[in-house]
Amino acid sequence: MKHVRRIHAWAAAFALTMASVAVQAQIKIAYIDPLSGGAATIGEHGLKHLNFLVEGINARGGVLGGQKLEAVAYDNKGSPQESLVQVQKAIDAGVRFMTQGNGSGAAIAISEFVSKYNERNPGKEVLFFNYAAVDPVLTNDKCSFWHFRWDANSDIKMAALTNFMTDKKDIKKVYIIGQDYSFGHAVRGAANSMLKAKRPDVQIVGDELHPLLKITDFAPYIAKIKASGADSVITGNWGNDMSLLLKAAADSGLQVNWYTYYAGGAGGPTAIKQTGLDHRVYQISEWHTNVPSSEMEAFADSFLKKYGGASGQGWWYLRMKNQMDMFADALNKAKSAEPKKVAAALADMKYKNSIGGETFMRASDHSLFQDMYISSFGAGTKYDEEKTGWGWKTVGVIKAQDTVIPTTCKMNVPS
Amino acid sequence: MLELIIFSSLNGLLYGMLLFLLASGLTLIFSMMGVLNFAHASFYMLGAYFGFQISVYVGYWPGLVLAPLLVGVIGALVERYGLRRVHKHGHVAELLFTFGLAFIIEELVQMIWGRIPVDYRVPELLNFSAFTLFATTYPAFRMFMLLMSVAVFIGLLLLLTRTRVGLIIRAALAHPNMVGALGHNVPLVFMLVFGVGCGLAALAGVIAGPALVTQPAMAASLGPILFVVVVVGGLGSLQGAFVASLLIGMIQTFAVALNVSLADVLARFGFTVTRESMGGDLWMATVAQVAPIIPYLLLVLILIFRPKGLMGDRDT
Numbered sequence: 030m031k032h033v034r035r036i037h038a039w040a041a042a043f044a045l046t047m048a049s050v051a052v053q054a055q056i057k058i059a060y061i062d063p064l065s066g067g068a069a070t071i072g073e074h075g076l077k078h079l080n081f082l083v084e085g086i087n088a089r090g091g092v093l094g095g096q097k098l099e100a101v102a103y104d105n106k107g108s109p110q111e112s113l114v115q116v117q118k119a120i121d122a123g124v125r126f127m128t129q130g131n132g133s134g135a136a137i138a139i140s141e142f143v144s145k146y147n148e149r150n151p152g153k154e155v156l157f158f159n160y161a162a163v164d165p166v167l168t169n170d171k172c173s174f175w176h177f178r179w180d181a182n183s184d185i186k187m188a189a190l191t192n193f194m195t196d197k198k199d200i201k202k203v204y205i206i207g208q209d210y211s212f213g214h215a216v217r218g219a220a221n222s223m224l225k226a227k228r229p230d231v232q233i234v235g236d237e238l239h240p241l242l243k244i245t246d247f248a249p250y251i252a253k254i255k256a257s258g259a260d261s262v263i264t265g266n267w268g269n270d271m272s273l274l275l276k277a278a279a280d281s282g283l284q285v286n287w288y289t290y291y292a293g294g295a296g297g298p299t300a301i302k303q304t305g306l307d308h309r310v311y312q313i314s315e316w317h318t319n320v321p322s323s324e325m326e327a328f329a330d331s332f333l334k335k336y337g338g339a340s341g342q343g344w345w346y347l348r349m350k351n352q353m354d355m356f357a358d359a360l361n362k363a364k365s366a367e368p369k370k371v372a373a374a375l376a377d378m379k380y381k382n383s384i385g386g387e388t389f390m391r392a393s394d395h396s397l398f399q400d401m402y403i404s405s406f407g408a409g410t411k412y413d414e415e416k417t418g419w420g421w422k423t424v425g426v427i428k429a430q431d432t433v434i435p436t437t438c439k440m441n442v443p444s
Numbered sequence: 057m058l059e060l061i062i063f064s065s066l067n068g069l070l071y072g073m074l075l076f077l078l079a080s081g082l083t084l085i086f087s088m089m090g091v092l093n094f095a096h097a098s099f100y101m102l103g104a105y106f107g108f109q110i111s112v113y114v115g116y117w118p119g120l121v122l123a124p125l126l127v128g129v130i131g132a133l134v135e136r137y138g139l140r141r142v143h144k145h146g147h148v149a150e151l152l153f154t155f156g157l158a159f160i161i162e163e164l165v166q167m168i169w170g171r172i173p174v175d176y177r178v179p180e181l182l183n184f185s186a187f188t189l190f191a192t193t194y195p196a197f198r199m200f201m202l203l204m205s206v207a208v209f210i211g212l213l214l215l216l217t218r219t220r221v222g223l224i225i226r227a228a229l230a231h232p233n234m235v236g237a238l239g240h241n242v243p244l245v246f247m248l249v250f251g252v253g254c255g256l257a258a259l260a261g262v263i264a265g266p267a268l269v270t271q272p273a274m275a276a277s278l279g280p281i282l283f284v285v286v287v288v289g290g291l292g293s294l295q296g297a298f299v300a301s302l303l304i305g306m307i308q309t310f311a312v313a314l315n316v317s318l319a320d321v322l323a324r325f326g327f328t329v330t331r332e333s334m335g336g337d338l339w340m341a342t343v344a345q346v347a348p349i350i351p352y353l354l355l356v357l358i359l360i361f362r363p364k365g366l367m368g369d370r371d372t
């Protein structure tokens with residue numbers, strides 16, 4: 030009797046484990062970005078993007094014949110060390126795909142961790158999808174087979190911006206200000222060398238680095254920019270560093286042109302409106318809300334309605350949409366959720382994105398190349414941002430093929 | 057250049073006065089009770105958030121009075137039911153209590169108001185530029201911040217020097233046991249001082265909230281500087297706290313304006329160092345880049361050469 034009861038117990042336990050394994054057939058993707066601290070606004074905004082994309086993919090039938098995607102959020106507080114803790118937590122929770130974008134410091138830490146982890150745990154590899162960390166080193170010296178980047182790297186962006194500045198003869202004195210970490214250093218280096226090559230007549234009157242995501246009062250820095258006599262400012266600042274810098278400029282009535290990467294991020298448009306600088310703040314991005322495309326306009330509109338909230342912060346990361354759409358495609362193409370197979374499917378994928386642009390992933394360094402737009406923020410546009418009445422207007426387009434730059438990446442492709 | 061100096065002075069003065077609002081409460085509390093209130097910056101943060109919540113319902117101006125009152129009451133209650141009980145276990149226990157309190161307040165704030173900065177707006181009445189000098193405008197709200205801080209400072213000065221309560225407080229500052237022996241209700245005085253100290257911190261929060269971002273990290277960003285001010289000024293000395301706050305406010309603001317690096321200084325003497333030389337980044341770091349850590353350098357120097365602080369009368 031006891032013998033039979035024990036078999037029943039084992040059978041029940043076996044059935045239960047099988048059942049739980051079946052329930053876990055969802056494919057999880059971990060979002061490892063700041064949800065507190067100086068970049069919380071940007072991090073929360075990005076999470077809304079990911080949730081909206083995952084909901085959309087699941088509503089259209091999921092991937093691999095019915096499996097659903099699930100986004101899991103982890104707060105890395107903007108710190109590289111904390112990111113590693115969160116990646117480990119995600120791996121322990123059964124997540125095989127990580128995504129991150131806010132902060133190249135965290136991205137480099139995650140990429141190196143993932144490479145080492147995959148080396149030591151063959152068969153249990155994880156992938157790292159980088160949607161916004163643009164330090165060039167991630168696809169050059171520190172490149173990895175397990176890392177994919179969906180945003181043009183900082184050198185590409187600076188090349189585009191400086192090309193645009195070449196013909197602007199009203200630029201005489203330029204001030205460079207950035208965040209004191211790897212990305213800020215990359216921006217400053219590229220800005221200095223490219224300006225010297227393309228506009229040797231321009232005087233660089235300032236080259237400033239400030240602590241990352243710590244400063245709440247940029248008034249002293251604005252005073253310095255004013256004192257230098259600059260007519261243009263180049264900055265790669267993002268998060269609170271961008272919006273508060275612009276807010277301080279608004280407070281002191283600073284009249285300069287801003288050449289930025291991320292002035293359109295959450296909080297930025299509101300700050301630009303406060304400065305009153307109509308079509309004098311530029312950004313380089315892979316899209317903005319006024320790029321004509323019926324599919325993308327409808328998509329951005331539905332996101333704004335669902336997640337816009339009181340602040341009216343709309344869609345911003347086309348690159349995340351590219352990433353998730355290509356991820357779904359790769360899963361279906363590889364017919365498997367095994368990271369190694371998904372990586373192989375992604376490595377050389379060509380993809381037509383939602384605005385009809387032809388993009389392609391370069392297998393040698395896992396960079397996605399896409400059309401880049403230079404836009405200015407001001408009045409008179411079809412769609413506005415954050416209820417300010419002002420929006421982005423294209424002033425220059427660089428086709429994907431023209432953004433391609435060589436890479437020094439020597440990737441270890443696993444067999 | 058003159059423009060830079062004038063505006064840096066204004067900003068430095070502003071920052072210094074804000075620090076003094078916070079440091080005055082902290083110094084009073086420490087001098088009287090020997091408790092270093094680690095949660096002082098957290099009461100500053102509470103004041104900003106209470107002010108924000110009140111501004112959502114009735115506007116900014118009622119918050120200026122209500123928020124410090126509310127936080128002051130909370131502070132008094134913390135002293136009466138928390139610190140007083142812990143007091144008999146010694147100074148370390150009191151320290152740990154306030155340390156834990158700081159964490160609790162931060163988590164509560166995150167739970168109630170979320171982790172993203174809240175939109176605490178400058179009141180419409182003050183949302184214009186006060187004056188334009190050399191084509192740079194200065195916001196009226198900052199002038200208001202400055203004037204409020206000066207008013208509070210003068211009020212505090214008058215309270216301490218011209219009233220009976222001030223007399224008792226000053227006596228308890230220097231000789232608490234004697235004051236108790238003379239029959240004054242010292243625990244009540246302690247509770248009042250703690251409450252008023254927290255109220256001052258909250259007032260600083262209501263003033264600074266719209267200008268510096270109101271977010272859960274605001275306590276952690278101002279907390280360490282506060283201790284530098286109190287130690288540099290001298291524990292037990294209100295005048296020292298005043299001098300130290302202004303000094304550190306000015307240093308931090310002016311340091312940002314200086315682009316000199318060690319490499320530049322060495323170049324004067326004929327030594328060329330670049331980023332590629334040994335310890336390259338260290339030579340190339342400008343004063344502006346290291347501006348945030350200069351107050352801590354000052355702290356270390358003071359502790360080495362003059363542990364009593366600039367004007368203190370007790371050992372740190």
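These protein sequence lines map, in sequence, to chains A and B. If you want the working numbering, it's the 1-based position in the first sequence plus 29. If you want the working numbering, it's the 1-based position in the second sequence plus 56. Here a beta-carbon is modelled for each residue, glycine too, at the ideal position from N, C-alpha and C.
Bridge pairing for A/E99: A/K57 [DSSP]. Residues are counted here when their Cβ sits less than 9 Å from a Cβ of chain A; for the stretch 155 to 178 of chain B these are Q166, G170, R171, I172, P173 and D175, given in chain order. Membership of A/M271 in the alpha helix (DSSP H) is indicated by the continuous run N269 to S281.
Listed in chain order, the alpha helix (DSSP H) elements of length 4 or more contained wholly in the stretch 172 to 206 of chain B amount to none. Among the residues of the stretch 66 to 85 of chain A, those with a Cβ less than 8 Å away from any Cβ of chain B are G66, G67, A69, T70 and E73, in the order of the chain. At a cut-off of 8 Å between beta-carbon atoms, B/L302 makes no contact with chain A.
Per DSSP, B/L212 has no beta bridge partner at all. In this structure B/M88 is in contact with B/A228, their Cβ atoms being roughly 5 Å apart against a cut-off of 8 Å.
For A/S281, the nearest CB of chain B lies under 8 Å from its own CB, placing it at the interface with that chain. In the three-state reduction of the DSSP assignment, B/D320 falls in the helix class. Under the three-state reduction of DSSP output, A/Y311 falls in the strand class. For A/S340, there is no enclosing beta strand (DSSP E), since its DSSP letter is neither H nor E.
Contact annotation: A/R348 and A/W175 have beta-carbon atoms that are not nearer than 8 Å. Between the alpha carbons of A/E84 and A/A357 lies a gap of roughly 13 Å.
For B/A275, no CB of chain A lies under 8 Å from its own CB, so it is not counted at the interface with that chain. Here A/R178 is bridged, per DSSP, to A/N159 and A/S396. In the three-state reduction of the DSSP assignment, A/G207 falls in the strand class. Using a C-beta cut-off of 8 Å, the stretch 123 to 132 of chain A makes contact with the stretch 60 to 71 of chain A, since at least three inter-stretch Cβ pairs fall below that distance.
In this structure, the CA atom of A/E154 is about 7 Å from the CA atom of A/R125. Closest by C-alpha distance to A/P249, out of B/G265, B/Y194 and B/G222, is B/Y194.
Rounded to the nearest whole angstrom, the C-alpha separation of B/V346 and A/D209 is 11 Å. A direct Cα-Cα distance of roughly 14 Å separates B/V245 from B/M234. In the same chain as A/L93, and ignoring 5 residues on each side of it, the C-beta atoms closer than 6 Å to its own belong to L360, in chain order. Counted as a single uninterrupted DSSP element, the alpha helix (DSSP H) harbouring B/W169 occupies residues H147 to W169. In the three-state reduction of the DSSP assignment, B/I130 falls in the helix class, which pools H, G and I. Interface residue (Cβ-Cβ distance to chain A less than 8 Å): B/M199 is not classified as such. Close partners of A/E237 in chain B (Cβ separation under 7 Å): A344.
Assignment of A/R228 by DSSP, reduced to helix, strand and coil, places it in the coil class. Residues of chain B whose Cβ lies closer than 7 Å to the Cβ of A/P298 do not exist; the shortest such Cβ separation is about 14 Å. One Cα belongs to A/I233, the other to A/V262, and the distance between them is close to 10 Å. Counting only residues of its own chain and dropping the five nearest sequence neighbours on each side, B/Y116 has a CB closer than 6 Å to the CB of P179. Ranking A/L76, A/V285 and A/P165 by CA distance to the CA of A/P435 puts A/P165 first. The C-beta of A/Y250 comes closer than 8 Å to at least one C-beta of chain B.
The residue from B/A132, B/F76 and B/Q271 with its alpha-carbon nearest to that of A/A69 is B/Q271.
Under the Cβ criterion of 8 Å, A/D209 is counted among the residues facing chain B.
As a beta-bridge residue in DSSP terms, A/E387 pairs with A/K381.
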